[in-house]
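Novice: With the sequence shown counted from 1, adding 22 to any position gets you the working numbering. Think of the CB as a built atom: it goes at the ideal place given N, C-alpha and C, for glycine as much as any other residue. Keep in mind it's a predicted model, so treat the numbers as computed, not measured. Dumping the structure here so I can ask a few things about it.
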Amino acid sequence: MNIINSTPRADGFYMPAEWEPHGGCVMIFPERSDSWQYGGYAARAAFVRVASAIAESEKVTVCASEKQYENARRMLPPHIRVVEMSSNDAWARDYAPTFVTDGREIRGINWGFNAWGGLADGLYFPWDKDDKMARKLCDLYDVDMYDFGSFILEGGSIHVDGDGTCITTEACLLSAGRNPNLSKTEIENYLRECLNVIKVIWLKNGIYNDETNEHVDNICAFVKPAEVVLAWTDDENDPQYEMSRSCLEILERETDARGRRFTVHKLNCPAPVTITAEECGGLDTMDFAPTRTPGERLAASYVNFYISNNAIVMPFFGDPADEPARALLAELFPERKVIPIPARDILIGGGNIHCITQQIPLRGKI
23 MNIINSTPRA DGFYMPAEWE PHGGCVMIFP ERSDSWQYGG YAARAAFVRV
73 ASAIAESEKV TVCASEKQYE NARRMLPPHI RVVEMSSNDA WARDYAPTFV
123 TDGREIRGIN WGFNAWGGLA DGLYFPWDKD DKMARKLCDL YDVDMYDFGS
173 FILEGGSIHV DGDGTCITTE ACLLSAGRNP NLSKTEIENY LRECLNVIKV
223 IWLKNGIYND ETNEHVDNIC AFVKPAEVVL AWTDDENDPQ YEMSRSCLEI
273 LERETDARGR RFTVHKLNCP APVTITAEEC GGLDTMDFAP TRTPGERLAA
323 SYVNFYISNN AIVMPFFGDP ADEPARALLA ELFPERKVIP IPARDILIGG
373 GNIHCITQQI PLRGKI
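Dropping the structure here:
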């Protein structure tokens, strides 16, 4: 693995859209006891279901700690690769490499990771093992790497259309714990150089009470160029209503990098999902404080889905909104099978299916 002393834009590399062909997917086996309740058994079972669904059409690699390696190998199907690799938690989207391509080869980007805010408002300490994973995975996949470790960014904070447009949120990228010494313009310039995009669209907010400072991958996602799904609620008394309405207003007045108006599909959220006292009782404390409190609202959204080569792997919450969400995604992706996964046990950890996965573009065109 070589470190490339350049930028993707300068070398003609770009971040492809998630619906473009994948060579594989990487995940991390969960184990952290202050993230995953009651020893993480239910969470690991949910991760296995996600990995198995994705592995129907692309090669999945699951990274597991030395302690969890044998459990992962036993629980996962034999066609899913398991490698021993240390981490602090299990959010592959945020600290696995962001992969870019020039149509012939792929390269990885190593961003700086500080647990969603560092000492300002990060979620745990230390995060040193997570911050090393991008480099380790570039070695594992035998790809060269751009090192932007001085720039704090998580993969869940960006969405691209592969055609010059990036969407992100001000709440996240302008937060005090990320890059406080950089202006909005300077941060945007990083995105342009690293992702090779022409235009960055800034939504103000994400999902209510999203502890990542409101990652874009929970509120809005491209389904094709100039077409997005937006997490929505019709309940004007829900704090999510104003947050989603603000996003809608921005998208309706913006155009993408090619000057096209956006088609916005409202993807209604489930009713507010809150954590129970029993679930909180299964979580260890961190620094002598609980990581969740009974009745706390979790950031549940159907937008947090994964696009595999042949499927849409989406979260279900046991809510009446599950089936309408599935039907809309089936309509938007008619060439893919929609695979719903009961995802409450993932959500308790703080994210969902898109958050625990990172796609690897196909090496070269097919």
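(1) Kindly indicate which residue of 118, 144, 263 has the alpha-carbon position closest to the one of residue 49.
(2) Please classify residue 173: does DSSP put it in a helix, a strand, or coil?
(3) Let's see if you can read the secondary structure: which residues bound the beta strand (DSSP E) around residue 269?
(4) Taking 6 Å as the line, does the beta carbon of residue 150 fall inside it for any heavy atom of the ligand FAD?
(5) Contact between the segment 167-181 and the segment 193-209: three or more CB pairs below 8 Å?
(6) Nearest to residue 327 by CA position, among 382, 357, 251, 340, is which residue?
(7) Roughly how many angstroms separate the alpha carbons of residue 317 and residue 299, rounded to a whole number?
(8) Going by beta carbon distance, what residues of the same chain come within less than 8 Å of residue 284, once the five residues before and after it are set aside?
(9) Less than 7 Å separating the beta-carbons of residue 71 and residue 363?
(10) Which word fits residue 24, buried or exposed, when buried means at least 16 other C-beta atoms lie within 10 angstroms of its C-beta?
(11) Pull up the distance between the alpha-carbon of residue 286 and that of residue 131, whole angstroms please.
(12) Leaving out five residues before and five after residue 256 in sequence, what residues of the same chain have Cβ atoms less than 8 Å from its Cβ?
(13) Among all the DSSP beta bridges, which residues are the ones paired with residue 368?
(14) Give a yes or no on whether 7 Å exceeds the smallest Cβ distance from residue 91 to chain B.
(15) Write down every uninterrupted run of the alpha helix (DSSP H) in the segment 131-200 whose length is 4 residues or greater and which is fully enclosed by it, in chain order.
(16) For a test of the three-state rule: what should DSSP assign to residue 290, helix, strand or coil?
(17) Identify every residue that forms a DSSP beta bridge with residue 129.
(18) Ends of the alpha helix (DSSP H) at residue 72?
(19) Thinking C-alpha only, which one of 209, 265, 292, 109 is nearest residue 227?
(20) For the structure I just gave you, are there three or more beta carbon pairs, one from the segment 89-100 and one from the segment 342-359, closer than 8 Å?
(21) Would you report the Cα separation of residue 195 and residue 179, rounded to the nearest angstrom?
(22) Which word fits residue 330, buried or exposed, when buried means at least 16 other C-beta atoms lie within 10 angstroms of its C-beta?
(23) Assuming residue 378 is part of the alpha helix (DSSP H), what are its boundary residues?
(24) Can you have a look at residue 310 and say buried or exposed, based on whether 16 or more other CB atoms are within 10 angstroms of its CB?
(25) Under three-state DSSP, which class holds residue 248?
(26) Assign residue 60 to one of three DSSP states: helix, strand, or coil.
(27) From the DSSP output, read off the bridge partner residues of residue 254.
(28) If you follow the beta strand (DSSP E) that residue 103 is in, where does it begin and where does it stop?
(29) In the structure shown, what three-state DSSP assignment does residue 388 receive?
(30) Kindly indicate which three-state DSSP category residue 343 falls into: helix, strand or coil?
(31) Work out the CA separation of residue 114 and residue 69 for me, nearest whole Å.
(32) Are the beta-carbon atoms of residue 121 and residue 382 separated by less than 7 Å?
(33) State the DSSP-derived secondary structure class of residue 206, mapped to helix, strand or coil.
(34) Tell me, to the nearest whole angstrom, how far the beta carbon of residue 240 is from that of residue 229; I am working on the premise that it is less than 8 Å.
(35) Would residue 238 and residue 297 be called neighbours here (beta carbons separated by less than 7 Å)?
(36) Let me check understanding here. Comparing Cα to Cα, which of 137, 150, 154, 51 lies closest to residue 105?
Specialist: According to the structure data:
(1) Mapped onto the sequence shown, residue 49 falls at position 27. Checking every option, the nearest Cα to that of residue 49 belongs to 118.
(2) Residue mapping note: residue 173 aligns to position 151 of the sequence shown, counting from 1. Residue 173 falls in the strand class under three-state DSSP.
(3) In the sequence shown, residue 269 corresponds to position 247, counting from 1. Unbroken run through residue 269 is the alpha helix (DSSP H), 261-275; no beta strand (DSSP E).
(4) Here there are no bound small molecules, and the ligand FAD is not part of this structure.
(5) yes
(6) Position 305 of the sequence shown, counted from the first residue, corresponds to residue 327. Comparing Cα-Cα distances from residue 327 to each of 382, 357, 251, 340, the minimum goes to 251.
(7) Within the sequence shown, residue 317 is the residue found at index 295, counting from 1. Within the sequence shown, residue 299 is the residue found at index 277, counting from 1. Approximately 7 Å between the Cα atoms of the pair.
(8) Within the sequence shown, residue 284 is the residue found at index 262, counting from 1. Around residue 284: 248, 249, 250, 273, 274, 276, 277, 278.
(9) Walking along the sequence shown from the start, residue 71 turns up at place 49. Walking along the sequence shown from the start, residue 363 turns up at place 341. Yes; because the gap between Cβ atoms is below 7 Å, this pair is in contact.
(10) Indexing the sequence shown from 1 puts residue 24 at position 2. Answer is exposed; the Cβ neighbour count stays below 16.
(11) Working through the sequence shown from its first residue, we reach residue 286 at position 264. Working through the sequence shown from its first residue, we reach residue 131 at position 109. Whole-angstrom Cα-Cα distance: 30 Å.
(12) Along the sequence shown, one-based indexing puts residue 256 at 234. Excluding positions up to five away in sequence, the list reads 263, 290.
(13) Within the sequence shown, the letter at position 346 stands for residue 368. According to DSSP, residue 368 bridges with nothing at all.
(14) The question asks about chain B, but that chain is absent: this structure has only one protein chain.
(15) 140-143, 150-163, 192-195
(16) The count along the sequence shown starts at 1 and reaches residue 290 at position 268. DSSP places residue 290 in strand when its eight states are reduced to three.
(17) Reading the sequence shown from its first residue, position 107 is the one you call residue 129. Note: residue 129 sits in a beta bridge opposite 122.
(18) Translated into the one-based positions of the sequence shown, residue 72 becomes position 50. Looking at the DSSP string, the run of the alpha helix (DSSP H) that includes residue 72 is 63-76.
(19) Stepping through the sequence shown from its first residue, residue 227 is reached at position 205. The shortest Cα separation from residue 227 among 209, 265, 292, 109 belongs to 265.
(20) no
(21) Translated into the one-based positions of the sequence shown, residue 195 becomes position 173. Translated into the one-based positions of the sequence shown, residue 179 becomes position 157. So the alpha carbons of these two residues sit roughly 7 Å apart.
(22) Here the question's residue 330 lines up with position 308 in the sequence shown. Flag for residue 330 reads buried.
(23) Here the question's residue 378 lines up with position 356 in the sequence shown. Per DSSP, residue 378 belongs to no alpha helix (DSSP H) and is neither H nor E.
(24) For this step, residue 310 is matched to residue 288 along the sequence shown. By the neighbour-count rule (16 or more Cβ atoms within 10 Å), residue 310 is not buried but exposed.
(25) Position 226 of the sequence shown, counted from the start, is the residue given in the question as residue 248. Three-state result, residue 248: coil.
(26) Along the sequence shown, one-based indexing puts residue 60 at 38. It is helical.
(27) Counted from its first residue, the sequence shown places residue 254 at position 232. Residue 254 pairs with 290.
(28) Taking the first residue of the sequence shown as position 1, residue 103 is located at position 81. Taken as a continuous stretch (DSSP letters only), the beta strand (DSSP E) holding residue 103 covers 103-106.
(29) For the purposes of this step, residue 388 is taken as residue 366 along the sequence shown, with counting starting at 1. Confidence at residue 388 is low in this model, with a pLDDT of 34, below 50, so the placement of that residue should be treated as unreliable; the coordinate-derived value is given next. Of the three classes helix, strand and coil, the one that applies to residue 388 here is coil, per DSSP.
(30) For the purposes of this step, residue 343 is taken as the residue at position 321 of the sequence shown. Coil, per DSSP.
(31) Numbered from its first residue, the sequence shown carries residue 69 at position 47. Numbered from its first residue, the sequence shown carries residue 114 at position 92. C-alpha separation (whole angstroms): 12 Å.
(32) The residue given as residue 121 occupies position 99 in the sequence shown. The residue given as residue 382 occupies position 360 in the sequence shown. Yes, Cβ-Cβ distance for residue 121 and residue 382 is below 7 Å.
(33) For this step, residue 206 is matched to residue 184 along the sequence shown. Three-state result, residue 206: helix.
(34) The residue given as residue 240 occupies position 218 in the sequence shown. The residue given as residue 229 occupies position 207 in the sequence shown. Going by Cβ atoms, the distance from residue 240 to residue 229 rounds to 4 Å, so yes, they are a contact pair.
(35) Reading the sequence shown from its first residue, position 216 is the one you call residue 238. Reading the sequence shown from its first residue, position 275 is the one you call residue 297. Contact flag unset, no.
(36) For the purposes of this step, residue 105 is identified with residue 83 of the sequence shown, where counting begins at 1. Residue 51 is the option with its Cα nearest to residue 105.
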